[in-house]
Amino acid sequence: MIRDGKPGRSFARGEAGYERALFGTSFNGRDPGRRPERIVQANTAADVIAAVKAAQAQGLKITVCSGGHNWAQNHIRDGVLMLDLSRLNTIQIDRAAMTARIGPGCEGAELNRRLARRGLFFPTPHAPDVGMGGFLLQGGFGWGSRAFGMACENVLGVDVVLADGSLVQADAQTHPDLYWAARGSGLGFFGVVVAFHLKLHKRPRAIGIASQVFGLEHLDEVYRWLDAIGPSVSRQVELQMLMTPRPMFLNRPGLEVIAPVLADSWRAAREAVAFLKTSPLRSKAVVTTPLLPLSLDVMQKGAARTHFPDGMRWCVDNMWTDAPIDDLLPGLRAIAADMPPEPSHVLWLDWRAAGERPDMAFSMEAQRYLALYGEWRNPADDGRYLDWATRHMRAMAPLGVGSQLADENLARRPAKVLADANLKRLEALRERYDPQGLIGGWPGGEA
Ligand SMILES: Cc1cc2nc3c(=O)[nH]c(=O)nc-3n(C[C@H](O)[C@H](O)[C@H](O)COP(=O)(O)OP(=O)(O)OC[C@H]3O[C@@H](n4cnc5c(N)ncnc54)[C@H](O)[C@@H]3O)c2cc1C
1 MIRDGKPGRS
11 FARGEAGYER
21 ALFGTSFNGR
31 DPGRRPERIV
41 QANTAADVIA
51 AVKAAQAQGL
61 KITVCSGGHN
71 WAQNHIRDGV
81 LMLDLSRLNT
91 IQIDRAAMTA
101 RIGPGCEGAE
111 LNRRLARRGL
121 FFPTPHAPDV
131 GMGGFLLQGG
141 FGWGSRAFGM
151 ACENVLGVDV
161 VLADGSLVQA
171 DAQTHPDLYW
181 AARGSGLGFF
191 GVVVAFHLKL
201 HKRPRAIGIA
211 SQVFGLEHLD
221 EVYRWLDAIG
231 PSVSRQVELQ
241 MLMTPRPMFL
251 NRPGLEVIAP
261 VLADSWRAAR
271 EAVAFLKTSP
281 LRSKAVVTTP
291 LLPLSLDVMQ
301 KGAARTHFPD
311 GMRWCVDNMW
321 TDAPIDDLLP
331 GLRAIAADMP
341 PEPSHVLWLD
351 WRAAGERPDM
361 AFSMEAQRYL
371 ALYGEWRNPA
381 DDGRYLDWAT
391 RHMRAMAPLG
401 VGSQLADENL
411 ARRPAKVLAD
421 ANLKRLEALR
431 ERYDPQGLIG
441 GWPGGEA
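When we follow the UniProt record's numbering, the leftmost residue of the sequence shown carries the number 1, and every step to the right adds one.
In structure tokens, the structure reads:
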């Protein structure tokens, strides 16, 4: 993504600088072929209000972009006024109150760094440059989220510009329905969030990562083992596995079991990842690394370098699943058989949903999460890879309960992303706050 760091301005379609401004908002390097009528790069909340009023007067629909990391480039639609909020990126931390007020354009890595200096913590995204705006709105599975909750559970309030151009503050007491919707509706949200108020935590003292790598020939037994131990693994560990064409320490396709841990002492951290050492499959692993102390900053940068490099073309899709592992294995084997080249990868997250969550729009999760990230550089390969993730997720959909908005691909494959009752409530709120359907809306209509 090319961010020029200059003060924001407005571009009409076709004007000099328009294309650069457009693609500066997209992590996905693919041109979706769609073109907004106007791009407004807001510098302040007042710019957002003015843009909403202008769109209303001109009869243009509005799409919103904070960090531009929606894989499917949801904000790039034909004929709309596209609001780029990346410049609304301030971070104000109140150490005594353990709260922060951040702009939606603030990046996860910057928030993490500022908090780390003060011994504070928030579950930020796994890659450094993901925008907090889209991340928080859709739920936000961040570092430590198995223990600290979805990021949106740690949102205390939002400042929102509504479709009539008014700026309102919403929290549990004031506009509780807007507050409810802003925690988990993601691209289904019907306002423009110009600030988030966050609850902060004390920073865990021991942060590190342990891992174990296997060749792909062990696929069945490694998935079965991971699934069997999942329920007993501490929530301080984010138990995940990446299937990749070239895992670390191996020059052929394989599986990386990764166990990042955030604990309050090194002893607790070591105990939490001890299952890798005692695993019955350890002798089959190419390597088992000890627990390596690493800052989140380094882990985020590492993830960006190894799995999320800049300038790639992407096709992503996902599912939440509670299906028995033996029912899932044929689909997992089929995915392994035609993975696009590295650094494409398949995430298996042993999430183990936490049971009770607060009442909020976020309402789709299951015990395990499966996401496919296909990436390639050459436009000539679009035809070959573009459908890879969607095709496999379509085939496995009967085994899933729905999709996570973080890695959505609704335009190519409509899926259930909220519980039925929550979707109904959200649509009723949209009808009330944005009866003309001015702001956002699901790609392709329904979710
Ligand atoms: C490399 C990479 C790593 C990722 N890692 C994680 C992860 O660890 N955990 C996780 O949960 N997700 C992760 N994601 C998914 C990511 O959180 C979502 O795509 C999220 O929407 C990105 O936020 P953004 O602001 O960058 O995106 P944008 O593309 O700017 O926004 C996505 C959508 O959210 C809405 N939106 C954004 N900002 C606003 C606003 N201020 N007001 C109203 N609506 C708004 C719009 O509908 C927009 O189309 C990752 C994505 C990438 C590309």
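All C-beta atoms, glycine included, are put in the ideal place defined by N, C-alpha and C.
Since the model is a prediction, treat every value here as computed from it, not as a measurement.
Inter-residue Cα distance where the pair is residue i and residue j
i: E37; j: A12; result: 6 Å
i: P253; j: P204; result: 34 Å
i: D78; j: M364; result: 29 Å
i: G68; j: A195; result: 17 Å
i: G142; j: E153; result: 11 Å
i: A366; j: T321; result: 6 Å
i: G24; j: S66; result: 11 Å
i: A181; j: D159; result: 13 Å
i: D434; j: A55; result: 13 Å
i: E19; j: R267; result: 52 Å
i: R333; j: L219; result: 8 Å
i: M132; j: G108; result: 6 Å
i: C106; j: P125; result: 12 Å
i: P341; j: W314; result: 12 Å
i: A274; j: G8; result: 50 Å
i: G374; j: R270; result: 33 Å
i: L22; j: D381; result: 23 Å
i: R357; j: R183; result: 11 Å
i: Y369; j: P330; result: 16 Å
i: L438; j: D264; result: 46 Å
i: R394; j: A206; result: 40 Å
i: R118; j: L198; result: 15 Å
i: A447; j: H392; result: Caution applies to A447, whose pLDDT of 49 falls short of 50 and renders its modelled position unreliable; the value that the coordinates give is listed next. Approximately 19 Å between the Cα atoms of the pair.
i: L216; j: V222; result: 9 Å
Coarse secondary structure for residue i, derived from DSSP in three states
i: L216; result: helix
i: G230; result: helix
i: M319; result: strand
i: L370; result: strand
i: W266; result: helix
i: W143; result: coil
i: V52; result: helix
i: V298; result: helix
i: P260; result: strand
i: S283; result: helix
i: I76; result: coil
i: R357; result: coil
i: W314; result: strand
i: T90; result: coil
i: E107; result: strand
i: A170; result: strand
i: V222; result: helix
i: T63; result: strand
i: W376; result: strand
i: residue 448; result: Residue 448 lies beyond the residue range present for the chain, which begins at 1 and ends at 447; the question has no answer from this structure.
i: L423; result: helix
i: L410; result: coil
i: G186; result: helix
With 16 other Cβ atoms within 10 Å as the buried cut-off, status of residue i
i: G355; result: exposed
i: N378; result: exposed
i: L262; result: buried
i: L292; result: exposed
i: K6; result: exposed
i: N28; result: buried
i: F122; result: buried
i: T63; result: buried
i: residue 449; result: A question about residue 449 goes unanswered here, because the residues of the chain that appear run from 1 up to 447.
i: residue 451; result: Past the boundaries of the shown model lies residue 451; the chain is included only from 1 to 447, so the question cannot be answered.
i: T174; result: exposed
i: P260; result: buried
i: N251; result: exposed
i: G139; result: buried
i: A151; result: buried
i: P443; result: buried
Residue i Cβ short of 8 Å to ligand 3 heavy atom set
i: G437; result: With respect to small molecules bound, the structure shown includes ligand 1 and not ligand 3.
One or two residues paired with residue i in a DSSP bridge
i: L292; result: I209
i: L347; result: L242, A371
i: Q41; result: D84
i: I102; result: I91, F196
i: A12; result: R38
i: V161; result: L167, V192
i: I439; result: I62
i: L386; result: Bridge partners of L386: none, in fact.
i: K202; result: L120
i: V237; result: V261
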